[in-house]
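K.L.:
Numbering (this note's numbering), first residue to last: 431 to 1010.
We put the beta carbon where it would ideally sit given N, CA and C, even for glycine.
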């Protein structure tokens, strides 16, 4: 067990370790690091740090456990004590994979990692390859989306803590599922952030949507960057995760010659080589900048993948007819056709919402479609709506099925949001549990301001602090096999299986994607080799040309279709996948 305690506090005059009820003065070493040796531990103990004679201890910035919450003492945790059983697992990387985005607290009634283990067989049967967990780092309160975390090395106790996390990953790997962990390095939550007491983890004068930016390029930023990179490696080494999703990387302010993303990607590749297994990073970015996923040898950052919100926006607008706010530029079949062929809609074009040009083109000779993660629903696009309403709140089975075919037959790496596959009727709303009344009030008021530009009715916005907002967001598993819920679930299973079994649908080369469409008729055909995906976004039947010859056959249909030589008759909101 641990005997050495080290903490970085470059500006402190004194640092004292409070461990197991004892006060131990620490010695200042090089570069602002403080050290002290504790008697050998035979069991885990609670500890904290007293800075410059303070009477109240604060948690370790690298705390692995916070059993009493983020304002209390840390607890030691040795990750090497866990006996793993996943030696037979081999990550497939992103090629041909489908991702299932999950929030631990609302995935099951219990809202724990151990309870989620009980649903892994369901996910295997569904046909996804990875489970992506929303952030699980320690936050203040009992429930939260996870983006208010303040201790990046600790797993939230209400989910089960670090041991439960190891059990979950182990069970997932044994079931044949990989694990991607969503991590947040662009900001810290509003309650329980003691890092500024230790050192310049944040940069005054540089801010983003959530407050002061993390210090990536200012004085003493070397250790801050080390803090981040070490956290990346912790997930791979100690918890056996296969990949990380990096939250809002456009909010990482870094003007150094080697960007923090490039440094993280290089460290990940080195770790993968050392461990002898594939590891990867996926960026969430709204910049539409292919440099993120371009190799480092050609001056890119070398990440494995990034999100393409343009796909979501084009799909959502054409499925729902909603065209306000940032959806304005996507209100056409042509916009969807462009995304399917180019990866981005805004690739240097003028963005009406931003009132400026946005993005740059992908080089199809360098970047593959699999490097773009796309979704018709995700936690952001549902939860950041006024009422947290899913597509199932306004669309019927046929339109949901149409969206499913579009998503899962596209050339990109598809991601499903939990419950999407059966058209869950429950919303997924923005919820918090801040114990501080003033913070709870500020959070609720901030949500109302966010929706002003989208034109949504503020009266429909639930109070994030109301416990019912959280409980209403939990999946209702009793409806999974009922009526159209069960019918949609079976379609998702068939689509995911067909995707794996059809070489054309597994082809990641955007140069092999051809799209024909009719704006007036509101249909689109995506041709991928000898396979065609025909989609009708109109509310009336359409005869759609499909140049596959007279030998064309139907591989999948959302409703019965008829073939007429080089054309297919699609019902209203119908979709079909055909082979020549």
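Among residues of its own chain, excluding the 5 on either side of residue 467, which ones have a beta-carbon nearer than 7 Å to its beta-carbon?
P.N.:
Result list for residue 467: 433, 434, in chain order.
K.L.:
Quick check for students: name the residue ranges of the beta strand (DSSP E) that lie wholly in the segment 516–544, counting only runs of 3 or more.
P.N.:
Segments of the beta strand (DSSP E) lying fully in the segment 516–544: 529–532.
K.L.:
Figure out for me which residue from 781, 492, 585, 881 has the closest Cα to the Cα of residue 813.
P.N.:
The shortest C-alpha separation from residue 813 is found at 881.
K.L.:
If we count the other Cβ atoms within 10 Å of its Cβ and call it buried at 16 or more, is residue 932 buried or exposed?
P.N.:
That one is buried.
K.L.:
As a quick exercise: from 984, 693, 956, pick the residue whose alpha carbon is nearest that of residue 763.
P.N.:
Answer by Cα proximity: 956.
K.L.:
Roughly how many angstroms separate the alpha carbons of residue 923 and residue 917, rounded to a whole number?
P.N.:
The straight-line gap from Cα to Cα measures roughly 10 Å.
K.L.:
Report the start-end ranges of each beta strand (DSSP E) in the segment 817–870 that is 3 residues or longer and not cut off at the edges.
P.N.:
Runs found: 843–847.
K.L.:
Look at the Cβ atom of residue 531, then the Cβ atom of residue 845, and state whether they are nearer than 8 Å.
P.N.:
Going by C-beta atoms, residue 531 is nearer than 8 Å to residue 845.
K.L.:
Taking the alpha-carbon of residue 493 as reference, which of 900, 624, 743, 673 has the nearest alpha-carbon?
P.N.:
The option with the nearest alpha carbon to residue 493 is 624.
K.L.:
Tell me, to the nearest whole angstrom, how far the beta carbon of residue 857 is from that of residue 800; I am working on the premise that it is less than 8 Å.
P.N.:
The Cβ separation is near 31 Å, so there is no contact.
K.L.:
Between residue 587 and residue 512, which are expected to be in contact by the criterion C-beta below 8 Å, what is the C-beta distance as a whole number of angstroms?
P.N.:
Not a contact, Cβ separation roughly 17 Å.
K.L.:
Return the first residue and the last residue of the beta strand (DSSP E) that residue 726 is part of.
P.N.:
Residue 726 -> no beta strand (DSSP E), and no H or E assigned at all.
K.L.:
State the Cα-Cα distance for the pair residue 952 and residue 1004, rounded to the nearest angstrom.
P.N.:
C-alpha separation (whole angstroms): 11 Å.
K.L.:
What first and last residue would you give for the beta strand (DSSP E) that runs through residue 975?
P.N.:
Looking at the DSSP string, the run of the beta strand (DSSP E) that includes residue 975 is 972–975.
K.L.:
Whole angstroms are fine: how far does the CA of residue 605 sit from the CA of residue 544?
P.N.:
Cα-Cα distance, rounded: 14 Å.
K.L.:
Which residues in the same chain as residue 767 place their Cβ atom closer than 7 Å to its Cβ, once the five residues preceding and following it in sequence are excluded?
P.N.:
Around residue 767: 945, 947, 954.
K.L.:
Kindly indicate the opening and closing residues of the beta strand (DSSP E) around residue 675.
P.N.:
Its beta strand (DSSP E) spans residues 673–676.
K.L.:
Which class does residue 710 belong to by DSSP, given the choice of helix, strand or coil?
P.N.:
Of the three classes helix, strand and coil, the one that applies to residue 710 here is strand, per DSSP.
K.L.:
Let me know the secondary structure DSSP gives residue 1019 once reduced to three states.
P.N.:
Given a span of 431 to 1010 for the chain in the structure shown, any question on residue 1019 remains unanswerable.
K.L.:
Residues in its own chain within less than 6 Å of residue 509 by CB, not counting five upstream and five downstream?
P.N.:
Correct list, in chain order: 668.
K.L.:
So for residue 772, helix, strand or coil by DSSP?
P.N.:
Of the three classes helix, strand and coil, the one that applies to residue 772 here is helix, per DSSP.
K.L.:
Applying the 10 Å Cβ sphere with the 16-neighbour rule, what's the burial state of residue 705?
P.N.:
Residue 705 should be labelled exposed.
K.L.:
Could you give the distance in angstroms between the alpha-carbon of residue 462 and the alpha-carbon of residue 443?
P.N.:
Straight-line Cα distance between these residues: approximately 10 Å.
K.L.:
DSSP puts residue 737 in a beta bridge; with which residues?
P.N.:
Paired residues: 803.
K.L.:
Can you list, in chain order, the stretches of the alpha helix (DSSP H) that have 4 or more residues and sit fully within the segment 930–986?
P.N.:
Runs found: 933–936.
K.L.:
Whole angstroms are fine: how far does the CA of residue 550 sit from the CA of residue 573?
P.N.:
When rounded, the distance between both Cα atoms is 22 Å.
K.L.:
Could you tell me whether the segment 472–489 touches the segment 443–453, using the rule of 3 or more Cβ pairs below 8 Å?
P.N.:
Enough Cβ pairs lie closer than 8 Å, so yes.
K.L.:
Taking the straight line between their C-alpha atoms, what separation do you get for residue 640 and residue 970?
P.N.:
Computed Cα separation, rounded: 45 Å.
K.L.:
Please determine if the segment 791–807 and the segment 835–854 are in contact, where contact requires at least 3 C-beta pairs separated by less than 8 Å.
P.N.:
Flag = yes, the segment 791–807 and the segment 835–854 touch.
K.L.:
Is the segment 693–712 close to the segment 731–741, with three or more CB pairs under 8 Å?
P.N.:
The answer is yes - the segment 731–741 touches the segment 693–712, with three or more Cβ pairs under 8 Å.
K.L.:
When DSSP labels each residue in this structure, what does residue 1008 get in the three-state scheme?
P.N.:
Here residue 1008 sits in strand by DSSP.
K.L.:
What number of angstroms, rounded off, separates the C-alpha of residue 464 from the C-alpha of residue 454?
P.N.:
Cα-Cα distance, rounded: 12 Å.
K.L.:
Based on Cα-Cα distance, which residue from 559, 665, 589 lies nearest to residue 571?
P.N.:
Among 559, 665, 589, the Cα nearest to that of residue 571 is on 589.
K.L.:
Measure the alpha-carbon distance for residue 981 versus residue 833 and round it to whole angstroms.
P.N.:
If I take the Cα positions, the gap works out to 27 Å.
K.L.:
Pop quiz: residue 919 and residue 850 are said to be a contact at Cβ under 8 Å. What is the actual Cβ separation, rounded to whole angstroms?
P.N.:
No, residue 919 and residue 850 are not in contact; Cβ-Cβ is about 10 Å, not under 8 Å.
K.L.:
Of the residues 865, 949, 505, 583, which one's Cα is nearest the Cα of residue 473?
P.N.:
Of the listed residues, the one whose Cα sits closest to residue 473 is 505.
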